[in-house]
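Residue 227 in the working numbering sits at position 232 of the sequence shown, with consecutive numbering throughout.
Where a beta carbon is used, it is the ideal one built from N, C-alpha and C, also for glycine.
Written below as structure tokens is the structure these notes are about.
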Amino acid sequence: MLNWNTLLSHKRLGFEHEIQTANDVIRSDFQRDYDRLIFSSPFRRLQNKTQVFPLPGSIFVHNRLTHSLEVASVGRSLGNLLSVGLCEKHPEIARDTLFSIGSIISAACIAHDLGNPPFGHSGEQTISHYFTLYDKNNLQNLISESQLADFQNFEGNANAFRLLTHQFTGRRKGGFALTFATLGTLLKYPCSSTDLKEGRSPYEKYGVFQSELPILETVAHELGLKKLSQTGNVYGRHPLVYLMEAADDICYQIVDLEDAYRLGILTGEQTKNLMLAFFVGEEKQTILTQINVLSDENEQIVILRSRTISRLVDECMSVFWRNYDAIMNCDFHSSLTKQLTGVAKDALCEVSTVANNTIYNSREVIEIQIAGHRILTELLTEFIGAMIHNNSLYTQQLLQLLPSQLSLNSSHVYDNLFSIVDFISGMTDVYALEIYRKIKGISFSVIR
-4 MLNWNTLLSH KRLGFEHEIQ TANDVIRSDF QRDYDRLIFS SPFRRLQNKT
46 QVFPLPGSIF VHNRLTHSLE VASVGRSLGN LLSVGLCEKH PEIARDTLFS
96 IGSIISAACI AHDLGNPPFG HSGEQTISHY FTLYDKNNLQ NLISESQLAD
146 FQNFEGNANA FRLLTHQFTG RRKGGFALTF ATLGTLLKYP CSSTDLKEGR
196 SPYEKYGVFQ SELPILETVA HELGLKKLSQ TGNVYGRHPL VYLMEAADDI
246 CYQIVDLEDA YRLGILTGEQ TKNLMLAFFV GEEKQTILTQ INVLSDENEQ
296 IVILRSRTIS RLVDECMSVF WRNYDAIMNC DFHSSLTKQL TGVAKDALCE
346 VSTVANNTIY NSREVIEIQI AGHRILTELL TEFIGAMIHN NSLYTQQLLQ
396 LLPSQLSLNS SHVYDNLFSI VDFISGMTDV YALEIYRKIK GISFSVIR
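Have a look at this one:
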């Protein structure tokens, strides 16, 4: 069984062999993780990355940054509830240690979308699609099959882990040098693309590229994560992953309803009914009484959204405790929201059905996906072509656009290729469009 004292390690990647000092009286090591992420450039860039709907015009909808902040808020609540329960279940563990869990989960939540490329989840699909169908540079002859699998099934979760742990040119060892507890909580799928492809993994996705496999092994060793396969690199999840994942699931499912209402995709009545379905009997009647005295429909939906999220937090914690032993023995391979029962299960299934049939297939969403597919495909074609065939003034100048920390000087094509993908996946929607227009000659600045 996993050990909480080991799982909540405040050692830092890249500095694990240094003598650990006592926590600052103002900020714990895990609060430092949160602050380090909040003040980082990758986090700021999330404000111009699509969550689901196009970036706002006259109506503000969620972007990756606001979504991440809300997920961190819900994650902290889940963590605090877990801390209270663990204090009763494990009185032998220091209370200060257990009450750091909320900070750990909120830091992981802040980081969970940092690896997502521009234009929402369709950006991941476009990168995968490019390397599977559009590759004109015969990369399969230049890199190994396992390395190619990283690109052909590009995964934002693995990209976030890379962004936070990889030592880019000129940067310190350990990347962001986060604590092992925070990194473990971020690892939704602790295995590689090869493990997934060859059937060794119980997970639906992978969470670590080939380039970061040694780091995965270090993190797993420091946290005492259980290895699940005799071959490959498949490990059991850190227990706090389930709460980080639940916070994300809760926020995007419920908040997407609110955004769809504000954009006119769902009516107010539809939105309210979907949220009210999480409640029955006297509790439902009390909520109806509370919102019916309000004449502002926006305010009614805000209150319903808040109550619905609170209900799902409680329901997910119940699932966690019901499966506590399996989670601690690395025998639980589902998300908490998929194990809901009763009214909560039925209501969330209906929300998912409406989202898939109505929200995610709305004209606004499809338009941004089409534009994103074209833009990212063109950028990948141009920059990867320039990297492979750097034999002209144009290709030399194009590659000068890469930031200095992304080196193309490696003797390995895989490493250089990842520098290109790092550059493009790190772009905001706005910057990707700007670069696309400039290299296509659609837009340029005149120097006077």
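- Of the candidates Ser196, Gly9, Gln26, Gly9 places its Cα closest to the Cα of Arg167.
- Taking Gln295 as the centre and dropping the five residues before and after it, the same chain places the C-beta of Ile286, Leu289 closer than 6 Å to its C-beta, in chain order.
- In the three-state reduction of the DSSP assignment, Lys433 falls in the helix class, which pools H, G and I.
- Taking 8 Å as the cut-off, the beta carbon of Ala427 is found closer than this to the beta carbon of Ile370.
- Membership of Cys344 in the alpha helix (DSSP H) is indicated by the continuous run 337 to 349.
- Membership of Ala106 in the alpha helix (DSSP H) is indicated by the continuous run 96 to 106.
- Under the three-state reduction of DSSP output, Val408 falls in the helix class.
- Counting the other Cβ atoms within 10 Å of the Cβ of Glu264 gives fewer than 16, which makes it exposed.
- Met(-4) counts as exposed, since fewer than 16 other beta carbons sit within 10 angstroms of its beta carbon.
- Following the DSSP letters along the chain, one finds Ile304 inside the alpha helix (DSSP H) bounded by residues 292 to 317.
- By the neighbour-count criterion, in which 16 or more other beta carbons inside 10 Å mark a residue as buried, Thr189 falls on the buried side.
- Judged by DSSP secondary structure, Pro209 falls within the alpha helix (DSSP H) whose first and last residues are 208 to 218.
- Per DSSP, the continuous alpha helix (DSSP H) segment holding Gly367 begins and ends at 358 to 383.
- Three or more pairs of CB atoms, one per stretch, sit closer than 8 Å, so the segment 97 to 105 contacts the segment 66 to 76.
- Around the C-beta of Asp91, fewer than 16 other C-beta atoms lie within 10 Å, and the residue is accordingly described as exposed.
- At a Cβ-Cβ threshold of 8 Å, Leu396 and Ser414 do not count as neighbours.
- Relative to His116, the option among Ser420, Tyr431, Glu13 whose CA is nearest is Ser420.
- Between Thr177 and Phe25 a beta carbon distance of about 6 Å is seen, short of the 8 Å cut, so the two are scored as contacting.
- Taking each of Ser139, Glu310, His233 in turn and checking the Cα distance to Ala339, the smallest one comes out for Glu310.
- In the displayed model, Ser224 falls within coil according to three-state DSSP, outside both helix and strand.
- For Asn352, no pairing in a beta bridge is given by DSSP.
- Between the alpha carbons of Glu87 and Thr180 lies a distance of about 23 Å.
- Given a length threshold of 4 residues, each whole run of the alpha helix (DSSP H) inside the segment 132 to 192 is given here in chain order: 140 to 147, 151 to 160, 175 to 181, 188 to 192.
- Sorting Leu343, Cys186, Asp326 by C-alpha distance to the C-alpha of Lys333 places Leu343 at the top.
- Inter-residue distance for Ile379 and His85 is about 53 Å (C-alpha atoms, whole angstroms).
- Only residues of its own chain outside the window of five on either side were considered, and among them Gln147, Asn148, Phe149 have a CB closer than 7 Å to the CB of Ser123, listed in chain order.
- Contact holds between the segment 197 to 216 and the segment 150 to 160, because three or more Cβ pairs, one in each stretch, are under 8 Å apart.
- Taking a cut-off of 8 Å on C-beta distances, the segment 231 to 240 does not touch the segment 30 to 44, as fewer than three cross pairs fall below it.
- Annotation for Ser123: the continuous alpha helix (DSSP H) segment containing it runs 116 to 124.
- Residue environment: Tyr230 is assigned as buried (16 or more neighbouring CB atoms within 10 Å of its CB, all protein chains considered).
- Leu269 and Thr262 have their C-alpha atoms spaced approximately 11 Å apart.
- DSSP, read as helix, strand or coil, puts Tyr201 in coil.
- Distances from the alpha-carbon of Val416 to those of Ile282, Val346, Leu375 put Leu375 closest.
- Under the three-state reduction of DSSP output, Asn386 falls in the coil class, being neither helix nor strand.
- In this structure, Leu252 is the residue among His12, His368, Leu252 with its C-alpha nearest to the C-alpha of Glu345.
- Between Thr160 and Ser399, the CB-CB gap reaches or exceeds 8 Å.
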